[in-house]
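Colleague:
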Amino acid sequence: MSKRTLTVLGAILLLTLGGALYAQSTVSLDEAIQTGVDEIQTRLSRGVKVAVLNFNSTSPRLSNYVLEEMESGLLKAGKQTVVDRATLELVQQEMNFQMSGEVSDSSAQEIGQKLGAQSIISGSIEDMGTYYLLRFRTIEVVTASLQISTRVDVSKDQVAVLMGEAAGPAAAAPASAPASPSSTPSPTGLRYSTGRKVGAGFLNLFGGIGSFTMGDVFGGILTLALEGIGLGLMVGSIGDEDVNAGMLAGGYGFYMGGAVFGFIRPFSYDRGLAKKAAASAALGSNPMSNIILAPVPTKEGGFGVTALYSASF
Numbered sequence: 002m003s004k005r006t007l008t009v010l011g012a013i014l015l016l017t018l019g020g021a022l023y024a025q026s027t028v029s030l031d032e033a034i035q036t037g038v039d040e041i042q043t044r045l046s047r048g049v050k051v052a053v054l055n056f057n058s059t060s061p062r063l064s065n066y067v068l069e070e071m072e073s074g075l076l077k078a079g080k081q082t083v084v085d086r087a088t089l090e091l092v093q094q095e096m097n098f099q100m101s102g103e104v105s106d107s108s109a110q111e112i113g114q115k116l117g118a119q120s121i122i123s124g125s126i127e128d129m130g131t132y133y134l135l136r137f138r139t140i141e142v143v144t145a146s147l148q149i150s151t152r153v154d155v156s157k158d159q160v161a162v163l164m165g166e167a168a169g170p171a172a173a174a175p176a177s178a179p180a181s182p183s184s185t186p187s188p189t190g191l192r193y194s195t196g197r198k199v200g201a202g203f204l205n206l207f208g209g210i211g212s213f214t215m216g217d218v219f220g221g222i223l224t225l226a227l228e229g230i231g232l233g234l235m236v237g238s239i240g241d242e243d244v245n246a247g248m249l250a251g252g253y254g255f256y257m258g259g260a261v262f263g264f265i266r267p268f269s270y271d272r273g274l275a276k277k278a279a280a281s282a283a284l285g286s287n288p289m290s291n292i293i294l295a296p297v298p299t300k301e302g303g304f305g306v307t308a309l310y311s312a313s314f
C-alpha cells in the first residue's frame, strides 16, 4: 500500500476518532459520583474516618442525591469509615450550616473536629453551558490541607431532572397558562436538553446514530446516506499507486456535508416537534386551517390551483 493511501486512511481515522472522543467527553451524574468515590477510596488510607459534608448547588434535591450516593458508594467500598448521617445532621443544626450551600475550609475543619472525622468531603457543580462541571474536594481536618481534588464533566440530562429544569408543562407553568411551542414535550415526555442535542450531533458523525436515538428516522437515514457516500468515494479514490484527487475531494465534501447536517439536525428536529404540536393545536381550534391550496398541472402545460379540505372524525 502506498504512502499516499496510508495518509488518506489516517486522515479518515483521525476525523472519526476525534468526533468520538469529543462526543464521549461527558459522563452521567452517577458515573461522576462513582469516579469521586473511586479516587477517594483509592488515595485515602484504610480506616480513615470521613464525613461527606456538603454539596454546593442551587437545588437541595440535587445536593441530597449526590451526598447520599457518595456516602452509599464509600460504605459499599468499605475501605474508609463514614460518619453517620444522623450525627452529621445534629452538628448541622448546632452550627447552622446548609448541606446544599457553600462551607468554608475553616468551617469544614471545625465541623470535622466536632464529628471526630479525619477527612472532610465537599463538592460543587457549575453550569458550563452544554455540560456541568462537577468537583469534589477532600480536606484533612487537622491541617486543613487539600488531599484530593476531583473534576468531572457531566452531561445535563440527569442533573436537569434533579434540579427540576426538565419538568413537564404542567409543573413549569400554571394550569391556566396557555402552552407555548417552547414548552411542548418531545416524544420522550421531556424537551431534549441542549447537552442531549449537542451529544446527538456528535454521535451523528457515525452514520446518524444520534438522530436515531432521538427517534428522528429521516435525519438518521439522510446523515447515514451522505456520510456513507462520502466514505465510499474517499475509499474508492485510493488506487494502488495514486489517489484520484477529484473523487477524494467529492467524498470529503459529501462526508462533511453529512456531518454538518447531522450536527444541526437534532436542534431543528426538536424545534420541529414544537411547531407540529402548535400547528396541531391550531388545527383543532381553527377550521380554516384545514384548507390546503396546492398547485396542479393543467392539460395546456401550465399550472392551476386546487383546494383541499381535510377533517378528522
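In terms of this note's numbering, the sequence shown opens at residue 2 and continues consecutively.
All residues carry an ideal CB built from backbone N, CA and C; glycine is no exception.
Quick check: what's the CA-CA separation for D85 versus D31?
Modeller: Taking the straight line from one Cα to the other gives about 22 Å.
Colleague: Bridge partners of K50, per DSSP?
Modeller: DSSP lists T82 as partners of K50.
Colleague: With a threshold of 7 Å on Cβ separation, who are the neighbours of Q42 within its own chain once the five nearest residues in sequence on each side are excluded?
Modeller: Same-chain partners within the cutoff: L75, A78, K80, Q81.
Colleague: Please work out which residues of its chain come closer than 7 Å, Cβ to Cβ, to L22, disregarding the five sequence neighbours upstream and downstream, and give them in chain order.
Modeller: Bear in mind that the predicted position of L22 carries a pLDDT of just 44, short of 50, making it too unreliable to give a figure here.
Colleague: Count the other CB atoms, across all protein chains shown, that sit within 10 Å of the CB of P267; report buried if there are 16 or more and exposed otherwise.
Modeller: Per the 10 Å Cβ criterion, buried.
Colleague: Is L163 helix, strand or coil when you go by DSSP?
Modeller: L163 falls in the helix class under three-state DSSP.
Colleague: Excluding the 5 residues preceding and the 5 following T214 in the sequence, name in chain order all residues of the same chain whose CB lies nearer than 8 Å to its CB.
Modeller: Only A201, L204 meet the Cβ criterion.
Colleague: If you run the structure through DSSP and keep just helix, strand and coil, what is V142?
Modeller: Reduced to three states, the DSSP call for V142 is coil.
Colleague: Among all the DSSP beta bridges, which residues are the ones paired with L147?
Modeller: Paired residues: I140.
Colleague: Does the separation of the CB atoms of V92 and Y133 fall below 9 Å?
Modeller: Cβ distance not < 9 Å, so V92 and Y133 don't count as in contact.
Colleague: Please name the residue, chosen from V38, F264, V53, that lies closest to V199 on a Cα-to-Cα basis.
Modeller: Closest option to V199, Cα to Cα, is F264.
Colleague: Output needed for Y253: all residues of its chain with C-beta closer than 7 Å, excluding positions within five of it in sequence on either side, in chain order.
Modeller: Same-chain partners within the cutoff: G231, M235.
Colleague: Just mark L1 as buried or exposed, buried being the case when its beta carbon has 16 or more other beta carbons within 10 Å.
Modeller: Because the chain is modelled from 2 through 314, residue 1 falls outside the range shown and cannot be assessed.
Colleague: For E127, report the span of its alpha helix (DSSP H) as first-last.
Modeller: E127 -> not in any alpha helix (DSSP H); beta strand (DSSP E) instead, spanning 120-128.
Colleague: Expressed to the nearest angstrom, what Euclidean distance is found between the alpha-carbon atoms of R62 and Q110?
Modeller: Each residue's alpha carbon lies about 25 Å from the other.
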